[in-house]
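In UniProt numbering, the protein residues as written are 1 to 139.
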Amino acid sequence: MNSERLRGYFEDHSADLDALRHDKFLSTAPQSHLKDVPDYMVPASLQALIRGSQRRAKSRQCYKPSSWAKKVSEPGLSASNSKGISEKPIKLRKLKNHKAKMAMARDPAKVAQIKRQIALKKKANNPLFNFGKKGKGNK
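Okay, structure coming up:
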């Protein structure tokens, strides 16, 4: 208390002090129906803050080297197949357009790699080769 007069009053009347002290700030919890507020209800000033935080989060996630790149970069280790050749797996979904197919067809090593990947994929989907692995072929 800043005032001597008030301090003296509340020393004499402690019940009044207790009545005033009960009204303390409570920690606020977000109400369940207000946790996800639609974009059109958020003010423009707050939307700018939200967008900025999303951009920063995306920039943090931008470059994550694959496990293959990590293995190759470590000295003494390499992501290799049974022949000892290290190769990065080709994403087969990229081979849907004609240009990509023709570019891959020019390189015989890439064609062989694609054939190996397709064979491994077929083998993995075959129920005879699953050996207890959870997957499409195991029932």
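Yeah, the Cβ is synthetic: ideal placement off N, Cα and C, and Gly gets one too.
1. Could you pull out every residue in the same chain whose Cβ sits closer than 7 Å to the Cβ of residue 117, ignoring the five residues on either side in sequence?
2. How many Å lie between residue 39 and residue 50 at the Cα?
3. Our contact map puts residue 110 next to residue 104 with C-beta atoms below 8 Å; I'd like the distance itself, whole angstroms only.
4. Give the straight-line distance between the Cα atoms of residue 16 and residue 29, rounded to the nearest whole angstrom.
5. So, are the CB atoms of residue 113 and residue 87 less than 8 Å apart?
6. Go ahead and pull the three-state DSSP assignment for residue 125.
7. DSSP state of residue 32, grouped into three classes?
8. In whole angstroms, give me the CA-to-CA distance for residue 19 and residue 12.
9. Can you tell me where the alpha helix (DSSP H) holding residue 6 begins and where it ends?
The structure says:
1. Excluding five sequence positions before and after residue 117, the CB atoms of its chain that fall closer than 7 Å to its own CB belong to 89, 90 and 92, given in chain order.
2. Rounded to the nearest angstrom, the two C-alpha atoms are 10 Å apart.
3. Contact between residue 110 and residue 104 holds, since their C-beta atoms are separated by about 5 Å, short of 8 Å.
4. About 30 Å.
5. For residue 113 and residue 87, yes; Cβs fall inside 8 Å.
6. In the structure shown, residue 125 sits in a helix (DSSP, three-state: H, G or I).
7. Residue 32: helix per DSSP, three-state reduction.
8. CA-CA distance, residue 19 to residue 12, rounds to 14 Å.
9. In the DSSP annotation of this structure, the continuous segment of the alpha helix (DSSP H) that includes residue 6 starts and ends at 4 to 12.
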